[in-house]
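K.L.:
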Amino acid sequence: MDDLEEQLEVLRLQLEQSMAQTTEAQQEKAAAESEWQAQKLHLEQELARSHQLEPAAAAPQRIYVQRERRMPKLGGRPQKPEDPDVDDWTSDMENHLQASPLSDREGLDFVMDHLTGPAGQEVRFREPRTAMEALQIVRHVFGDVDTMGAAQEAFYTRIQQPGETLLDYSLALVKLFSKLSKRQPSLSPLRNETLKGRFASGVRDVSLQREMRRLEFDDSRMSFWAFRDRAVSWIGEVPKKMATHDAMSTTVGRDPENATILKKLDAQQHQLQHMQEMLTKQQQQLEGVRSSRSWESRRSVKRGYNAEGKRVCYVCGAVDHISPNCPKKVSAGKPGN
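Quick note on our numbering: the sequence shown kicks off at 1 and runs consecutively.
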């Protein structure tokens, strides 16, 4: 009996141990399956990503290389009209260097390659270490040396020259103002108003001056470039020549506001013509009155008397005797004469 119970106990223990091993095996299997599913999902994601990258990888890659800008060479202060301005040249060179991926040495070599004559010698002898130092030397030695007064006089006395278009005149004003504002920074906030005022006062056409001043007063917020473009549209200019009145009327008549201005100009022109005709008639009347008075004065003089009422000689015209006593008549009647 006791042996049977011991065998049953052993079998029970073996069963429990077998069940525990089975449970552990099931847990390991579940963990393995879970890990396998995770690896499978990861592989599927990697495979899908590789398929997405294949078209981009297969497409040819384009490399954009910045086109090298052609810069004029500078030899010093401009001597001819085609020579570059020093301030403009240095500003363009600075912009080019900032946009180019050049080292300090490469930038300096680029600047030196575009310097000739006295400018190249000056910079070479001073041995700058960077391109910016070289440009500072060029600007200091060969730049504009005008004083504040000279810059102000150049801007405020600049008027439109004969044969100069409004476009060229406006660009010349902007360039002069840029030089002036460098010496007088307080003018920079007033750039728009200053340019419009100088442009309106400097154009050659008197009627356009009047209309531009009116526009400047009516629309003070208008930019200088819109202000300039309005003048160009009004005048309808052609290159190198100011437009005639007929050409201007063709362009101006397209806009109702401009048509009103044209009507005013036509009315003023007719008024001037009428005044000229009246002056001509008055001049003719004055000449007629003068000639009539001269003829009447000649008629009022009695024969044998001068304008003062004194008797005159019929023979010689003298006032100290009459014709019977004229010495010339007596001498002419003597024999041998």
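All C-beta atoms in this analysis are idealised placements derived from N, C-alpha and C, irrespective of residue type, glycine included.
(1) Taking the alpha helix (DSSP H) that E106 falls in, what are its first and last residues?
(2) Based on DSSP bridge pairs, tell me the residues matched to L74.
(3) Between P327 and V312, what straight-line distance do the alpha-carbon atoms span, to the nearest angstrom?
(4) Can you find the residues in the same chain that come closer than 6 Å, C-beta to C-beta, to K240, ignoring five residues on each side of it along the sequence?
(5) Do the segment 91-107 and the segment 126-141 meet, that is, are 3 or more Cβ pairs less than 8 Å apart?
(6) Could you check what DSSP says for E127 in three-state terms: helix, strand or coil?
(7) Taking the alpha-carbon of R70 as reference, which of M93, P81, E82 has the nearest alpha-carbon?
(8) So what does DSSP say about A318, is it helix, strand or coil?
(9) Tell me the residue span of the alpha helix (DSSP H) that contains I235.
(10) Can you tell me whether E164 is helix, strand or coil according to DSSP?
(11) Measuring straight from C-alpha to C-alpha, what distance separates Q45 and Q37?
(12) Which of the three DSSP states, helix, strand or coil, is assigned to T157?
(13) Indicate the three-state DSSP secondary structure (helix, strand or coil) for P101 in the structure shown.
(14) Label V116 either buried or exposed according to how many other C-beta atoms from any shown protein chain fall within 10 Å of its C-beta, with 16 as the threshold for buried.
(15) DSSP on E82, reduced to helix/strand/coil?
(16) Contact between the segment 172-184 and the segment 146-155: three or more CB pairs below 8 Å?
(17) Are Q160 and V203 close, meaning C-beta to C-beta below 8 Å?
(18) What residues in its chain sit with their C-beta under 7 Å from that of C316, if we drop five residues either side in the sequence?
(19) Report buried or exposed for R198, applying the criterion of at least 16 other Cβ atoms within 10 angstroms of its Cβ.
(20) Under 8 Å between the Cβ atoms of R49 and V86?
(21) Run the CB neighbour count on V123, radius 10 Å, all protein chains shown included, and call it buried at 16 or more, exposed below.
(22) What is the rounded straight-line gap between the Cα of R126 and the Cα of P118?
(23) Mind checking whether L173 and A154 have CB atoms under 8 Å apart?
(24) Contact between the segment 184-200 and the segment 208-220 is defined here as three or more beta-carbon pairs at a separation below 8 Å; is this criterion met?
(25) Whose CA, out of Q79, V141, V319, S170, lies closest to the CA of T90?
(26) First and last residue of the alpha helix (DSSP H) that includes D218?
(27) Go ahead and pull the three-state DSSP assignment for Q184.
(28) Is DSSP giving V141 helix, strand or coil here?
P.N.:
Straight from the coordinates:
(1) Locating residue 106 in the sequence shown gives position 106, where the first residue counts as 1. Residue range 104-113 is occupied by the alpha helix (DSSP H) that includes E106.
(2) Sequence index remark: in the sequence shown, residue 74 carries index 74 (1-based). Note: L74 sits in a beta bridge opposite L115.
(3) Along the sequence shown, read from residue 1 onward, the residue named residue 327 stands at position 327. Along the sequence shown, read from residue 1 onward, the residue named residue 312 stands at position 312. Cα to Cα, the separation comes out at about 13 Å.
(4) Here residue 240 refers to the residue found at position 240 of the sequence shown. Interpretation of K240 is limited by its pLDDT of 41, a score under 50 that renders its predicted location unreliable; the figure taken from the coordinates is listed afterwards. Sequence-distant partners of K240 (beyond 5 residues in either direction) whose C-beta falls short of 6 Å from its own C-beta, in its chain, are G163.
(5) Yes: the two stretches touch, three or more of their Cβ pairs being nearer than 8 Å.
(6) As a working mapping, residue 127 is identified with position 127 in the sequence shown. DSSP places E127 in coil when its eight states are reduced to three.
(7) To locate residue 70, count along the sequence shown from 1; it is residue 70. Among M93, P81, E82, the Cα nearest to that of R70 belongs to M93.
(8) Translated into positions along the sequence shown, residue 318 becomes position 318. In the displayed model, A318 falls within coil according to three-state DSSP, outside both helix and strand.
(9) What you label residue 235 is simply residue 235 of the sequence shown in a count that begins at 1. First-last of the alpha helix (DSSP H) with I235: 224-235.
(10) Taking the sequence shown and counting its residues from 1, the one referred to as residue 164 is at position 164. DSSP places E164 outside both helix and strand once states are collapsed to three, so it counts as coil.
(11) One-based indexing of the sequence shown puts residue 45 at position 45. One-based indexing of the sequence shown puts residue 37 at position 37. Those two C-alpha atoms are separated by around 12 Å.
(12) Your numbering for residue 157 matches position 157 in the sequence shown. Coil.
(13) Working through the sequence shown from its first residue, we reach residue 101 at position 101. Of the three classes helix, strand and coil, the one that applies to P101 here is coil, per DSSP.
(14) Counting from 1 along the sequence shown, the entry for residue 116 is found at position 116. Residue 116 is actually Thr in this sequence, not Val. Looking at its Cβ environment, which holds fewer than 16 other Cβ atoms inside 10 Å, T116 is exposed.
(15) Taking the sequence shown and counting its residues from 1, one reaches residue 82 at position 82. In the structure shown, E82 falls within a coil segment according to DSSP collapsed to helix, strand and coil.
(16) Result yes; three or more Cβ-Cβ pairs closer than 8 Å.
(17) Within the sequence shown, the letter at position 160 stands for residue 160. Within the sequence shown, the letter at position 203 stands for residue 203. Result yes, Cβ atoms of Q160 and V203 sit closer than 8 Å.
(18) Within the sequence shown, numbered from 1, the residue matching residue 316 stands at position 316. The answer, listed in chain order, is C326, K328.
(19) On the sequence shown, position 198 is the one that residue 198 refers to. Its Cβ being crowded by 16 or more others within 10 Å, R198 is buried.
(20) The residue you call residue 49 lines up with position 49 of the sequence shown. The residue you call residue 86 lines up with position 86 of the sequence shown. Cβ atoms of R49 and V86: not closer than 8 Å.
(21) As a first step, residue 123 must be located in the sequence shown, where it is residue number 123. So V123 counts as buried.
(22) Position 126 of the sequence shown, counting from 1, holds the residue named residue 126. Position 118 of the sequence shown, counting from 1, holds the residue named residue 118. Each residue's CA atom was taken as its position, placing R126 and P118 some 12 Å apart.
(23) Within the sequence shown, numbered from 1, the residue matching residue 173 stands at position 173. Within the sequence shown, numbered from 1, the residue matching residue 154 stands at position 154. For the pair L173 and A154, the CB atoms are not nearer than the 8 Å cut-off.
(24) At 8 Å Cβ cutoff, the stretches touch.
(25) Indexing the sequence shown from 1 puts residue 90 at position 90. Answer by Cα proximity: V141.
(26) Looking up residue 218 in the sequence shown gives position 218. For D218, the enclosing alpha helix (DSSP H) has its first and last residue at 206-218.
(27) In the sequence shown, counting from the first residue as 1, residue 184 sits at position 184. Three-state result, Q184: coil.
(28) As a working mapping, residue 141 is identified with position 141 in the sequence shown. When secondary structure is reduced to three states using DSSP, V141 falls in the helix class.
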